[in-house]
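**Student:** Quick note: the sequence shown uses UniProt numbering, first residue 1, plus one each step.
All residues carry an ideal CB built from backbone N, CA and C; glycine is no exception.
A single structure is presented below for examination.
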Amino acid sequence: MKFIIAIIKPFKLDEVREALGAIGVAGMTVSEVKGFGRQKGQTEIYRGAEYSTNMLPKVKIEIAAADSLAPQIVETIQQVASTEAIGDGKIFVLDLAEAVRIRTGEAGDTAL
C-alpha cells in the first residue's frame, strides 16, 4: 500500500477530486495548509486579492491506496493540478505499513 500526499493550489481541488473519483479513488483527506517553496516572498493573487507573503495558502490531499493504483493517482494529480507555473505544488509517495478500518477491523487493502 502507498500513502500519497499532494500539496496543490486551492482552486485546483475540485478538478483533482473529480478526476480522482473517475479513476476509482474512494476517499481522501483534505486539509487547508500554508507553506512556501521556491516561490517564497513572491506576490500571488488568491481569490481576487493580491498577497505578498512567504506563507501561501495551499491544500493538502492525503490518500491511502493500493500499490497498483498509486502510479495512476500520482499521474492524475500531476496532470490535473498543473498550471505550468511556479507554486503548483508537490506530490509525495510513502510506503504504508498497515491500514485498519475501525468499524469492522478489516486490515490491509480491504480496509481502503
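#1: I want to know whether the region 94–101 touches the region 75–84 - three or more CB-CB distances under 8 angstroms.
#2: Would you mind reading off the limits of the alpha helix (DSSP H) that contains Gly21?
#3: Could you pull out every residue in the same chain whose Cβ sits closer than 8 angstroms to the Cβ of Tyr46, ignoring the five residues on either side in sequence?
#4: Could you pull out every unbroken alpha helix (DSSP H) segment of at least 4 residues lying fully inside the region 61–106, listed in chain order?
#5: Between Lys2 and Ala65, which are expected to be in contact by the criterion C-beta below 8 angstroms, what is the C-beta distance as a whole number of angstroms?
#6: Which residue comes first and which comes last in the beta strand (DSSP E) that contains Ile35?
#7: Which two residues bound the contiguous beta strand (DSSP E) that contains Ala6?
#8: Per DSSP, which one or two residues make a beta bridge with Leu56?
#9: Pull up the DSSP beta-bridge partners for Ala49, would you.
#10: Exposed or buried, which one is Ala107 when buried takes at least 16 other CB atoms within 10 Å?
#11: So, for Arg38: in the same chain, excluding its five sequence neighbours on each side, which residues have a beta-carbon less than 7 angstroms away from its beta-carbon?
**Tutor:** The relevant details are as follows:
#1: no
#2: Leu13 to Ala22
#3: Pro10, Leu56 and Pro57
#4: 70–81
#5: 5 angstroms
#6: Before going further, note that residue 35 is Gly rather than Ile in the sequence given. Run containing Gly35: Thr29 to Gly35, per the beta strand (DSSP E) assignment.
#7: Lys2 to Ile8
#8: Bridge pairing for Leu56: Gly35 [DSSP].
#9: Answer is Tyr46.
#10: exposed
#11: Ile86
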